[in-house]
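Trainee:
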Amino acid sequence: MTKPVLMTVDDDPGVSRSVARDLRRRYGQDYRVVRAESGREALEALRELTLRGEPVAAILADYRMPEMNGIEFLEQAMDVAPHARRALLTAYADTDAAIQAINVVDVDHYLLKPWDPPEEKLYPVIDALVETWRAVGVRPVEEIRVVGHRWSAECFAARDFLARNSVPYRYYSIDEPEGARLLEAAGASPDDVPLVITGDGTALRSPSDSEIASACGLTTDPVSDFYDLIVIGGGPAGLGSAVYGASEGLRTVLVERQATGGQAGQSSRIENYLGFPDGVSGAQLTDRARRQAAKFGAEVLTARDVVALEARGSARVVRFGDGSEIAAHAVVLATGVSYRNLNAPGVADLTGRGVFYGSAATEAPGCRGEDVYIVGGANSAGQAAVFFSRHAATVTVLVRGPDLEASMSTYLIKQLDAIDNISVRTRTEVVEAHGDGHLQALTICDRESGAVESVKAASMFVFIGAAPRTEWLDGVVERDERGFVRTGPDLVVDGKRPPGWPLDRDPYHLESSVPGVFVAGDVRADSVKRVASAVGEGAMAVTLVHRFLAEQ
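Our numbering numbers the first residue of the sequence shown as 20 and each following residue consecutively.
Here's what the structure looks like:
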């Protein structure tokens, strides 16, 4: 078999030979090391490798090169070898350039000179690059084909489901010859879109998420009807619980309604998560956590909607939308939050047709050269603005408040200020959305002056508020007035435990009003809305599960 390639690019022959030597010493048995001494030479080599069908796993490029610096080279290399992981080799004085590379060309890591000893400074970075490439970079992109049209909300939902579950697919519009051909070959009509065609040629007309998941090989059915621990929700908190529960010997199943990662999984770049100084995309972080949970034996069920929770004796029973059930000794609720609906005329009718909730990264290519609006002032909105600025002609961030300082991290505010095609309008809100079949314009209002303005808009991405969506828990666990689940000390009022509490102890810190049902992450009342705290609560919940099980 052809060995995958590790490419190193540096105009200094001595440095180039040193990097190649260290790479061959560690990776030479499984990878072929190719070195180039200019960006132009490296691009020619990449094109030859592509033509010969040789996979490129990772590219390490020096920043300071004449004619074409490392950032410029890596930006062009993305088009030639899109699946290769990318790292920038830079001096300490060029750290700002490394940060620019992360923001502009989605570099995975940067590496400071000198890298001695390589066991500590070089190999861990390359290990992370090739691990990610093995996981996501070698799968065929044409395994799944989706036929539809851009302004179909149902087609967007299908593509978004596939993308968020890291299922490679190729999209064909019914307005293009190949899309029309596939539609005809399947005996389908434009009313049947989305048409999802699997690798074995099975054609699914307007399929549900569950049907898509089954066809793509995602696990939807549990292998058992009883577990030690059921984790409901696959965001950072749920993945944290699944990893720690399974690694500590609990028979663990994680149930996710749509895709693991939650809101964090949609983030284009998380830069303040401990241990990732170069930043990490939500998709990368989610993929690593999901694989980690699977490594320890946790089951992950996708496209399963939980509609009820019941304490049945010592068992905690979870019921799905199709009427089936699974049970466990303990449950962790980690369902997170959803973005609140933007209540303005026209928005509901155009949702999925130019109006989107969350980053909807699948829409980025369609935004090229267009005017994009981001509604919201939290970190998720800032990350989306940075991401879409690489595609859109202009990105405008609309914020109801007087500034961003109260809701957005300082590092993101500085990034927005530094990007020319991003503008921020404070004290501004959307009052109406307009369009014939898809979004074409917005009416916005200055909340201070009352002035109303109509602006052209191709896409609007909404990041407002946090809705816990816990209506299905009515009458089961105590919630606050906004629907967030109360836990621990919040349940003890004037020294009295919650009504119906059967145990001779107070609820544990993350325990709900039902013993053995724990809560982690954003869905918990008064939680800190950060990825790191959600992961920490997910791990802490497992510790409390062990304590609860010891009492049984």
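Even glycine gets a Cβ: it sits at the ideal position worked out from N, Cα and C.
My output table needs one value for Phe480: the three-state DSSP class, helix, strand or coil.
Mentor: Strand.
Trainee: By DSSP, does Tyr527 sit in helix, in strand, or in coil?
Mentor: Tyr527 falls in the coil class under three-state DSSP.
Trainee: CA-CA distance, Arg359 and Arg270?
Mentor: Their backbone Cα atoms lie some 35 Å apart in a straight line.
Trainee: Using CA atoms only, rank isn't needed, just tell me which of Ala539, Ser287, Ala261 is closest to Glu318.
Mentor: It is Ala261 whose Cα lies nearest to the Cα of Glu318.
Trainee: Closest by CA to Ser287, which one among Ala55, Gln402, Glu467?
Mentor: Checked all of Ala55, Gln402, Glu467; the closest Cα to Ser287 is Gln402.
Trainee: Could you check what DSSP says for Glu161 in three-state terms: helix, strand or coil?
Mentor: Its pLDDT being 49, under 50, Glu161 is placed unreliably by the model, and the measurement read from it follows with that caveat. The answer is coil: DSSP assigns Glu161 none of H, G, I, E or B.
Trainee: Which complete alpha helix (DSSP H) runs does the stretch 77-146 hold, if anything under 4 residues is left out?
Mentor: The stretch 77-146 contains these whole alpha helix (DSSP H) runs: 89-99, 114-124, 137-140.
Trainee: Apart from the five residues on each side of it in sequence, which residues of its chain come closer than 6 Å, Cβ to Cβ, to Ala411?
Mentor: Excluding sequence neighbours, Ala411 sits near Cys386, Glu389, Val391.
Trainee: Let me confirm a value: Gln571 is counted as buried when at least 16 other C-beta atoms fall within 10 Å, else exposed. Which label applies?
Mentor: Exposed, since its Cβ has fewer than 16 Cβ neighbours within 10 Å.
Trainee: Would you give the residue range spanned by the alpha helix (DSSP H) that His565 belongs to?
Mentor: Where His565 is concerned, the enclosing alpha helix (DSSP H) stretches over 550-570.
Trainee: CA-CA distance, Ile145 and Gly298?
Mentor: Distance between the alpha carbons of Ile145 and Gly298 is about 16 Å.
Trainee: Under 8 Å by Cβ, that's how I've got Val394 and Val481 pegged, so tell me the actual separation to the nearest angstrom.
Mentor: Right, their Cβ atoms sit about 5 Å apart.
Trainee: Residues in its own chain within less than 6 Å of Gly253 by CB, not counting five upstream and five downstream?
Mentor: Same-chain partners within the cutoff: Leu273, Glu275, Thr279.
Trainee: Please classify Arg372 as buried or exposed, where buried requires at least 16 other C-beta atoms within 10 Å of its C-beta.
Mentor: By the neighbour-count rule (16 or more Cβ atoms within 10 Å), Arg372 is buried.
Trainee: For Pro136 and Thr69, I'd like the C-alpha separation in whole angstroms.
Mentor: Taking the straight line joining both Cα atoms gives about 33 Å.
Trainee: For Gly301, is the classification buried or exposed, using 16 other Cβ atoms within 10 angstroms of its Cβ as the cut-off for buried?
Mentor: Classification for Gly301: buried.
Trainee: In angstroms with no decimal places, state the Cα-to-Cα distance between Glu448 and Arg419.
Mentor: Cα to Cα, Glu448 sits roughly 6 Å from Arg419.
Trainee: Can you say whether Ala569 is buried or exposed, counting buried as having 16 or more other CB atoms within 10 angstroms of its CB?
Mentor: Exposed: under 16 other Cβ atoms inside 10 Å.
Trainee: Measuring only the C-alpha atoms, how far is Thr620 from His102?
Mentor: Here the chain comprises residues numbered 20 to 571, so residue 620 is not present and cannot be evaluated.
Trainee: Between which two residues does the alpha helix (DSSP H) harbouring Arg200 extend?
Mentor: Taken as a continuous stretch (DSSP letters only), the alpha helix (DSSP H) holding Arg200 covers 196-204.
Trainee: Give the C-beta separation of Ala383 and Phe407 to the nearest angstrom, bearing in mind that I take them to be a contact with Cβ-Cβ under 8 Å.
Mentor: At roughly 6 Å, the Cβ-Cβ gap stays under 8 Å, so Ala383 and Phe407 are in contact.
Trainee: Could you compute how far the alpha carbon of Gln303 sits from the alpha carbon of Leu293?
Mentor: For Gln303 and Leu293, the distance between alpha carbons rounds to 15 Å.
Trainee: In terms of alpha-carbon separation, which member of Asp306, Ala283, Ala232, Arg409 lies closest to Asp324?
Mentor: It is Ala232.
Trainee: What's the C-alpha gap between Leu435 and Leu248?
Mentor: The straight-line gap from Cα to Cα measures roughly 42 Å.
Trainee: Rounded to a whole number of angstroms, what is the C-alpha to C-alpha distance between Gln459 and Ala363?
Mentor: Each residue's Cα considered, the two are about 15 Å apart.
Trainee: Measuring only the C-alpha atoms, how far is Gln285 from Trp152?
Mentor: Between Gln285 and Trp152, the C-alpha separation is close to 19 Å.
Trainee: What are the boundary residues of the beta strand (DSSP E) that includes Lys475?
Mentor: Residues 471-475.
Trainee: When DSSP labels each residue in this structure, what does Ser185 get in the three-state scheme?
Mentor: Reduced to three states, the DSSP call for Ser185 is coil.
Trainee: Helix, strand or coil for Ala403, going by three-state DSSP, please let me know.
Mentor: Helix, per DSSP.
Trainee: Run through DSSP, which three-state label would Leu65 get?
Mentor: Of the three classes helix, strand and coil, the one that applies to Leu65 here is helix, per DSSP.
Trainee: Compare the C-alpha of His128 against each of Leu141, Leu107, Gly377, Tyr142 and name the closest.
Mentor: That would be Leu107, whose Cα lies nearest to the Cα of His128.
Trainee: Cα separation between Glu60 and Thr381?
Mentor: So the alpha carbons of these two residues sit roughly 33 Å apart.
Trainee: Who are the near neighbours of Arg169 in its chain, counting only those whose CB is closer than 7 Å to its CB and skipping five residues on each side?
Mentor: Result list for Arg169: Ser192, Gly385, in chain order.
Trainee: Nearest to Val561 by alpha carbon, out of Arg505, Leu214, Val350, Asp493?
Mentor: Looking at the Cα atoms, Val350 is the closest of the given residues.
Trainee: Within its chain, find whatever has a CB closer than 7 Å to the CB of Phe180; leave out the 5 residues flanking it on each side and keep chain order.
Mentor: Counting only Cβ-Cβ distances below 7 Å, and skipping sequence neighbours, we find Asp228, Ile231, Gln277, Ala278.
Trainee: When the Cα atoms are used, what is the spatial distance from Thr321 to Leu431?
Mentor: Cα to Cα, the separation comes out at about 32 Å.
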